[in-house]
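Please read the structure below before turning to the comments.
Numbering (UniProt numbering), first residue to last: 1 to 218.
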């Protein structure tokens, strides 16, 4: 895989190039490799300049998105055209110049049966040269919510954090009880304590809170 074209620094959810000592490249690459989201940098012709570890794993499957000599490609010709048109528009955008430079979002279908689509966020970078950073999310690759983070932030016990994590992962309460080898009544009691400690009063509100937390603790 090609290396970073020049040292970069992360600002919020974007990636901005900056002058720096070349020795910073491997350090930054290691940082980007820790992200659960794929990060790729492409040029004006949709050709890949850089990919972090998660992006390399996604591209290697060639399921929904792949690297080719002609540039990034989707599973179908129609989706490839849609992707490259979006990248071309981002390549012509002037960062900070209103709607033309606003992030664009794409959903790319997968070939694998029942696989969730890839979610792409495109962001224009300052140039020249014209480049676009693409954040790629494969939902099935996202790690679970950190139990340790929930314990530290909300003061949950290990069992309460385990229950909250299972709920955030989409399990029903009765399934959580079975997975934790406890009775459903005990699970409800733990859930009551979770509600009290998180100041939430419904499973929907709790899961929404934990999903927001997940983005900062994964």
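From the three backbone atoms N, C-alpha and C, an ideal C-beta is built for every residue, glycine too.
Asked                                                                                                               : Found
Residue 194 classed as buried or exposed, judged by whether at least 16 other C-beta atoms fall within 10 angstroms : buried
Between the CA atoms of residue 160 and residue 185 - distance to the nearest angstrom                              : 13 Å
Buried versus exposed call for residue 21 [16 or more other C-beta atoms within 10 Å across all chains shown]       : Interpretation of residue 21 is limited by its pLDDT of 35, a score under 50 that renders its predicted location unreliable; no figure is taken from the coordinates.
Proximal residues to residue 169 (C-beta, below 7 Å), its chain only, five neighbours per side dropped              : 144
Residue burial classification, residue 78 (beta-carbon count within 10 angstroms, cutoff 16)                        : exposed
Straight-line gap, residue 23 to residue 31 (C-alpha atoms, nearest Å)                                              : Low confidence applies to residue 23: its pLDDT is 37, below 50, so where it sits in the model is not reliable enough to give any reading.
Cβ distance (whole Å) where residue 130 is taken to contact residue 208 below 8 Å                                   : 37 Å between Cβ atoms; not a contact.
Complete runs of the beta strand (DSSP E) confined to the stretch 110-149 [at least 3 residues]                     : 118-125, 131-137
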